[in-house]
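If you count the sequence shown from 1, you need to add 11 to reach the working numbering.
For each residue, glycine too, the CB sits at the ideal point set by N, CA and C.
Single-structure report; data block below.
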Amino acid sequence: MKSILLFSLTLYSIFSFSITPKADYVATPKEFGIEYKEVFVTNKDVKICVWICEPNQVRVQESRSKSVLLAYGDYGNMSYYLSYISFYTKLGFRVISFDYRGFGKSSSFGIASNRLFYEEFAVDMKNVAAYCKRNLKINNLGFVALSMGTIIAPIVFQEEKAEFIIAEGCVYDINTSADRLKQIKRREIVVNTEYNLPKEWDKIKSKILIFVANKDDITNLEDTQKIVFQDISKRKFLVYKGDHLSMLNDNENLEKHKNEINLFVNGN
Numbered sequence: 012m013k014s015i016l017l018f019s020l021t022l023y024s025i026f027s028f029s030i031t032p033k034a035d036y037v038a039t040p041k042e043f044g045i046e047y048k049e050v051f052v053t054n055k056d057v058k059i060c061v062w063i064c065e066p067n068q069v070r071v072q073e074s075r076s077k078s079v080l081l082a083y084g085d086y087g088n089m090s091y092y093l094s095y096i097s098f099y100t101k102l103g104f105r106v107i108s109f110d111y112r113g114f115g116k117s118s119s120f121g122i123a124s125n126r127l128f129y130e131e132f133a134v135d136m137k138n139v140a141a142y143c144k145r146n147l148k149i150n151n152l153g154f155v156a157l158s159m160g161t162i163i164a165p166i167v168f169q170e171e172k173a174e175f176i177i178a179e180g181c182v183y184d185i186n187t188s189a190d191r192l193k194q195i196k197r198r199e200i201v202v203n204t205e206y207n208l209p210k211e212w213d214k215i216k217s218k219i220l221i222f223v224a225n226k227d228d229i230t231n232l233e234d235t236q237k238i239v240f241q242d243i244s245k246r247k248f249l250v251y252k253g254d255h256l257s258m259l260n261d262n263e264n265l266e267k268h269k270n271e272i273n274l275f276v277n278g279n
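Set out below in structure tokens:
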């Protein structure tokens, strides 16, 4: 099952750059040997499905345990990102994942596939972050943001302090990424927002680690460098071999990536 999910994610990384929600889960954390609890976070009339996934206990004993909130990309639901959940729980992180409205078991929501993102997704993430602090008593919460999640996360960071941020497939400027998508997909991409992402990245005071693929034509190295150079003292990037969102498939350097994450998170 795990290999199938990794293969599915690889296909998505190469061929899909549009909002494509899926209602059904392809697996659960239990099938990956991960202890978890499913809860629903409700705000007004919107219900968000959340998985609270516990870390590998051996790694917890070896190092300080941290909690991360996962904001995934624009495809599937959180079950399609179980490879990431497994990766981080094995590193000793407690991983809280959630489905945006319109995805998985969360409340229904009308979605146009040619939209780059919806600001409502940021509201969902804010509510889950608030739940983590209020109900799970997590005072220092880290964030893992993937692709579309890197558009949504900086909106949240203006109100929610992040202990650290790990990003992959990082969007620097919404309009620039939309223009690249238009050229590649040869279809209109709708950006219905006045949100100034470069300015929002610049406001973030938390430390940031960005993984960027050397073959990524949408969220490329130049974009990543612009984010990092806004505050070189707290930000760094690592280039891996592959396409958009394929860091976990970089088997040659995966152990190096794990070590870099541990040094980044546990260092000053």
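Residue(s) in a DSSP beta bridge with residue i
{"i": "residue 62", "result": "49, 108"}
{"i": "residue 156", "result": "82, 178"}
{"i": "residue 202", "result": "Residue 202 pairs with nothing; no bridge assigned."}
{"i": "residue 87", "result": "32"}
{"i": "residue 77", "result": "104"}
Cβ distance (whole Å) where residue i is taken to contact residue j below 8 Å
{"i": "residue 274", "j": "residue 229", "result": "With a Cβ gap of about 28 Å, residue 274 and residue 229 do not count as contacting."}
{"i": "residue 88", "j": "residue 44", "result": "So it is not a contact: roughly 20 Å between Cβ atoms."}
{"i": "residue 219", "j": "residue 189", "result": "Rounded, the Cβ-Cβ distance is 23 Å, inconsistent with contact."}
{"i": "residue 181", "j": "residue 272", "result": "Actually they do not touch by this definition, with Cβ atoms about 15 Å apart."}
{"i": "residue 227", "j": "residue 255", "result": "5 Å"}
{"i": "residue 59", "j": "residue 138", "result": "6 Å"}
{"i": "residue 136", "j": "residue 85", "result": "With 8 Å as the limit, residue 136 and residue 85 do not qualify as a contact, their Cβ atoms being about 14 Å apart."}
{"i": "residue 94", "j": "residue 259", "result": "5 Å"}
{"i": "residue 30", "j": "residue 122", "result": "5 Å"}
{"i": "residue 143", "j": "residue 80", "result": "6 Å"}
For residue i, three-class secondary structure by DSSP
{"i": "residue 274", "result": "helix"}
{"i": "residue 259", "result": "helix"}
{"i": "residue 23", "result": "Note that residue 23 has pLDDT 48, beneath the 50 cutoff, so the model's placement of it is unreliable and no number is given."}
{"i": "residue 167", "result": "helix"}
{"i": "residue 43", "result": "helix"}
{"i": "residue 269", "result": "helix"}
{"i": "residue 251", "result": "strand"}
{"i": "residue 57", "result": "strand"}
{"i": "residue 246", "result": "strand"}
{"i": "residue 191", "result": "helix"}
{"i": "residue 196", "result": "helix"}
{"i": "residue 264", "result": "helix"}
{"i": "residue 97", "result": "helix"}
{"i": "residue 92", "result": "helix"}
{"i": "residue 68", "result": "helix"}
{"i": "residue 186", "result": "helix"}
{"i": "residue 239", "result": "helix"}
{"i": "residue 17", "result": "Per-residue confidence for residue 17 stands at a pLDDT of 49, beneath the threshold of 50, marking its modelled position as unreliable; the derived number appears in the next sentence. It is helical."}
Selection from the options that minimises the alpha carbon distance to residue i
{"i": "residue 127", "options": "251, 253, 201, 237", "result": "201"}
{"i": "residue 91", "options": "206, 39, 47, 195", "result": "39"}
{"i": "residue 118", "options": "48, 269, 32, 93", "result": "32"}
{"i": "residue 165", "options": "207, 235, 270, 255", "result": "207"}
{"i": "residue 222", "options": "244, 194, 253", "result": "253"}
{"i": "residue 36", "options": "56, 55, 61", "result": "61"}
{"i": "residue 50", "options": "110, 233, 262, 158", "result": "110"}
{"i": "residue 243", "options": "259, 213, 257", "result": "213"}
{"i": "residue 77", "options": "152, 48, 173, 233", "result": "152"}
{"i": "residue 96", "options": "144, 155, 130, 57", "result": "155"}
{"i": "residue 249", "options": "262, 225, 198", "result": "225"}
{"i": "residue 140", "options": "194, 211, 169", "result": "169"}
{"i": "residue 134", "options": "148, 121, 107, 163", "result": "163"}
{"i": "residue 131", "options": "204, 195, 105, 98", "result": "204"}
{"i": "residue 125", "options": "167, 199, 175", "result": "199"}
{"i": "residue 46", "options": "65, 187, 100", "result": "65"}
{"i": "residue 231", "options": "147, 29, 183, 194", "result": "183"}
{"i": "residue 278", "options": "235, 245, 262", "result": "245"}
{"i": "residue 82", "options": "55, 102, 112", "result": "112"}
{"i": "residue 266", "options": "34, 236, 98, 234", "result": "98"}
{"i": "residue 120", "options": "194, 251, 106, 56", "result": "56"}
{"i": "residue 145", "options": "68, 171, 161", "result": "171"}
{"i": "residue 157", "options": "241, 257, 53, 54", "result": "257"}
Alpha helix (DSSP H) runs wholly inside the stretch 210-236, at least 4 long, in chain order: none
Segments of 3+ residues assigned as beta strand (DSSP E) that fall wholly inside the stretch 121-165: Along the stretch 121-165, the beta strand (DSSP E) occurs as fully enclosed runs of 3 or more residues at 152-157, listed in sequence order.
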